[in-house]
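A short write-up of the structure that comes next.
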Amino acid sequence: MASEVVATGSSAEGLTPAQQLMQQHDHHATVEDVVDEDDVAPGQSSAAPQSETTETSATPLGEKAAGKQKADGTTKKATNATLNTASEEAFPALGAVKPRAQAAVAPAWGKKPASLAANGINGSGSASRASTPASGPATPASLPASRGPALPSMALPGKHKEHISFYNSDLKPVRDLKKPIPQIIHDINKRSKARLERRETPNGVAFEATGPSKDVRQALVDVANEVLAKQTVKLSIPASVRPFIIGRGGDKIKEISSRSGARVQIPKQDVQDEDDEVDVLIEGNALTAGIARQEIMQIVKERTSTVNLRLKDIPAEYYPFLAGPRNAHIETLLGNRDVRVQIPHYNTWDERAPAQSPEAFVPQAKYPIQISGDREAAQEIQAEIQRRVEQLRRDMAVDQQNIERGRHQFIAGDRGYSSHDFLEETGCTIIVPPSNDPSEDIYVVGPLKGSQRV
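The numbering of the sequence shown is the UniProt record's numbering, which starts it at 1 and goes up by one.
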């Protein structure tokens with residue numbers, strides 16, 4: 001028998017590979033049952049029960065195993081006796097675990113989602129900034145950074161509120177009103193679902209309406225039509241944008257007029273360049289004209305990012321004062337804006353001599369002021385130049401003097417005063433006739449006192 005061959009250790013002939021491995025690695029595992037001394041009741045024998053083994057004969061417990069078992073029992077009792085959960089050495093402090101805030105859920109109604117708390121602790125304000133990354137400037141502090149955009153605030157139906165303010169100069173004179181303003185407000189409230197109220201402001205009056213959105217806006221338009229004076233606004237736009245404001249068959253301009261309540265017209269104007277400007281006339285009151293102007297400027301903004309403006313309606317006699325000595329005023333006007341301003345140098349008249357009074361100065365379209373660059377910045381500079389021109393028109397004076405033609409070169413030019421030096425020292429400028437004109441008159445333009453002193 002093969003089993004007998006393995007037991008007696010005789011010849012290995014005729015053995016299978018598995019039997020040969022078993023013969024080479026002959027291990028006899030034993031299992032012993034040992035009674036724990038702690039479990040032995042007093043008066044009972046501590047002798048271990050007879051162990052069951054895998055062999056036919058039991059093997060007695062060795063000294064090593066017995067010593068190990070005894071040592072394990074001693075260690076277990078010692079551990080139970082010395083275990084101290086309050087020990088700082090055995091259980092070092094790891095820091096308090098920060099409570100995890102419950103995710104904020106946006107309510108179906110209300111202006112802002114509430115900042116929820118977890119375990120009685122405010123989840124938005126009490127968390128340590130040392131372990132939380134700083135939010136960006138647009139991140140709400142009460143919302144977790146992983147959330148999407150917050151829901152827009154929702155107003156209750158019928159509680160929409162809007163208000164508009166007007167200067168006293170925008171209002172009709174009292175004698176032109178069909179009814180007193182309190183009576184006008186009473187009539188509007190009587191027929192409208194919105195409630196209209198009036199309050200005085202330091203520089204004028206304000207109207208506030210509350211109710212359904214559509215009725216609120218209609219109430220404000222109605223009161224504006226009753227109390228505001230008519231006005232005409234002239235708006236300059238690039239010629240290249242004119243087709244987009246008119247629209248196909250005039251549809252767009254009709255839409256703007258209908259939506260704003262103002263009358264919008266673009267007179268036919270001949271332009272030589274797409275960068276030239278054309279005028280848009282808006283007729284209405286301060287509210288309706290403002291709405292129409294805003295819609296037109298939005299179209300201009302969408303169609304143009306940079307512009308090239310040519311100001312042809314400013315008399316050239318003002319150019320030296322707008323530019324300043326050595327263009328000092330231009331540099332101040334530009335600041336850090338991405339705009340370029342060119343004001344032609346003017347000290348020789350071309351088509352006609354200067355008029356005797358600033359009110360009669362005539363623009364010379366051949367020499368326009370050019371402004372190019374960012375659209376909004378260019379328009380701001382244009383408005384500042386126009387304001388400066390109005391101020392100069394009130395303060396300037398003209399002094400005409402007859403001087404021999406041969407002496408003109410010693411007054412202004414290469415052999416005389418530099419025009420910049422003369423302007424810087426006296427605050428005035430000198431305008432001489434062109435070389436092809438026989439006139440001997442020169443013109444000193446400047447502030448009233450300065451021109452007389454020169």
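Quick reminder that beta carbons are idealized off the backbone N, C-alpha and C, glycines included.
Proximity below 8 Å, CB of residue i to CB of residue j
i: Val389; j: Val445; result: no
i: Glu200; j: Thr232; result: no
i: residue 457; j: Thr426; result: A query on residue 457 cannot be resolved here, the shown segment of the chain reaching from 1 to 454 and no further.
i: Ala292; j: Ile266; result: no
i: Lys234; j: Gly211; result: no
i: Glu317; j: Pro354; result: yes
i: His160; j: Glu208; result: no
i: Ile299; j: Phe244; result: yes
i: residue 498; j: Asn168; result: In the structure displayed, the chain extends from 1 to 454; residue 498 sits before or after that span and is not available.
i: Glu440; j: Arg405; result: yes
i: Gln356; j: Gln401; result: no
i: Met396; j: Pro434; result: no
i: Ile246; j: Leu322; result: no
Pairwise C-alpha distance: residue j and residue i
i: Ala71; j: Pro17; result: At Ala71 the pLDDT is 48, less than 50, meaning the model places this residue with poor confidence; the figure from the coordinates comes in the next sentence. Between Ala71 and Pro17, the C-alpha separation is close to 43 Å.
i: Arg375; j: Lys190; result: 46 Å
i: Val241; j: Leu171; result: 33 Å
i: Gln364; j: Ala239; result: 21 Å
i: Val269; j: Glu302; result: Val is not the amino acid found at residue 269; the sequence shown has Gln there. Between Gln269 and Glu302, the C-alpha separation is close to 23 Å.
i: Ile184; j: Ala262; result: 21 Å
i: Pro438; j: Glu424; result: 29 Å
i: Ala328; j: Arg407; result: 29 Å
i: Arg340; j: Ile314; result: 18 Å
i: Pro325; j: Arg248; result: 49 Å
i: Gly290; j: Leu228; result: 12 Å
i: Asn436; j: Asp350; result: 10 Å
i: Ser260; j: Thr304; result: 23 Å
i: residue 461; j: Leu196; result: Outside the modelled stretch of the chain, which goes from 1 to 454, sits residue 461, for which no answer is possible.
i: Gly250; j: Val223; result: 29 Å
i: Ile188; j: Leu220; result: 9 Å
i: Arg394; j: Gly335; result: 26 Å
i: Thr53; j: Gln19; result: Residue placement at Thr53 is flagged as unreliable, the pLDDT there being 42, under the threshold of 50; the coordinate-derived value follows with that caveat. Each residue's Cα considered, the two are about 22 Å apart.
i: Leu287; j: Lys179; result: 20 Å
i: Ile330; j: Gly373; result: 15 Å
i: Met297; j: Val264; result: 13 Å
i: Gln23; j: Leu15; result: 10 Å
i: Asp275; j: Val362; result: 23 Å
i: Phe422; j: Lys252; result: 53 Å
i: residue 468; j: Leu177; result: The question about residue 468 has no answer here: the residues shown for the chain are numbered 1 through 454.
Residue i (DSSP reduced to helix, strand or coil)
i: Val444; result: strand
i: Gly211; result: strand
i: Pro140; result: Model confidence at Pro140 stands at a pLDDT of 36, short of 50, so the residue's coordinates are unreliable; what they give is reported in the following sentence. It is coil, neither helix nor strand.
i: His345; result: coil
i: Asn336; result: coil
i: Ser128; result: Confidence in Ser128 is poor, its pLDDT being 38 and thus under 50, which makes the residue's placement unreliable; the coordinate value appears in the next sentence. Looking at Ser128 - three-state DSSP - the assignment turns out to be coil, as it is neither helix nor strand.
i: Ala262; result: coil
i: Arg198; result: strand
i: Val223; result: helix
i: Thr429; result: strand
i: Gln379; result: helix
i: Val307; result: strand
i: Ile245; result: helix
i: Val174; result: helix
i: Asn168; result: helix
i: Asp279; result: strand
i: Leu15; result: coil
i: Gln231; result: strand
Nearest neighbour of residue i, chosen from the options [CA to CA]
i: Leu448; options: Leu392, Val432, Ile330, Pro434; result: Leu392
i: Asp338; options: Ile371, Thr288, Val432, Val174; result: Ile371
i: Val271; options: Asp251, Ala383, Ile237; result: Ile237
i: Asn347; options: Gly335, Gly373, Glu359, Ser419; result: Ser419
i: Leu333; options: Asp395, Ile403, Ala383; result: Ala383
i: Arg360; options: Lys366, Arg352, Ala323; result: Checking the sequence, you will find Ala at residue 360 rather than Arg. Taking only the C-alpha atoms, the option nearest Ala360 is Arg352.
i: Tyr367; options: Arg394, Gln342, Lys179; result: Gln342
i: Ile403; options: Ile442, Pro358, Asp421; result: Ile442
i: Pro173; options: Glu226, Leu220, Ile188; result: Glu226
i: Phe166; options: Ile330, Leu177, Arg198; result: Arg198
i: Glu277; options: Leu177, Gln23, Glu295, Ile369; result: Ile369
CB contact check: residue i to chain B, cutoff 8 Å
i: Ser258; result: No chain B appears in the structure shown, which is made up of a single protein chain.
query = Do the segment 370–382 and the segment 301–314 touch if we need at least three Cβ pairs shorter than 8 Å?
reply = yes
request  = Say whether the segment 197–214 touches the segment 250–264, bearing in mind that this needs 3 or more beta-carbon pairs closer than 8 Å, one atom from each stretch.
outcome  = no
ask   = Is there contact here, the segment 269–281 with the segment 215–225, by at least three beta-carbon pairs under 8 Å?
value = no
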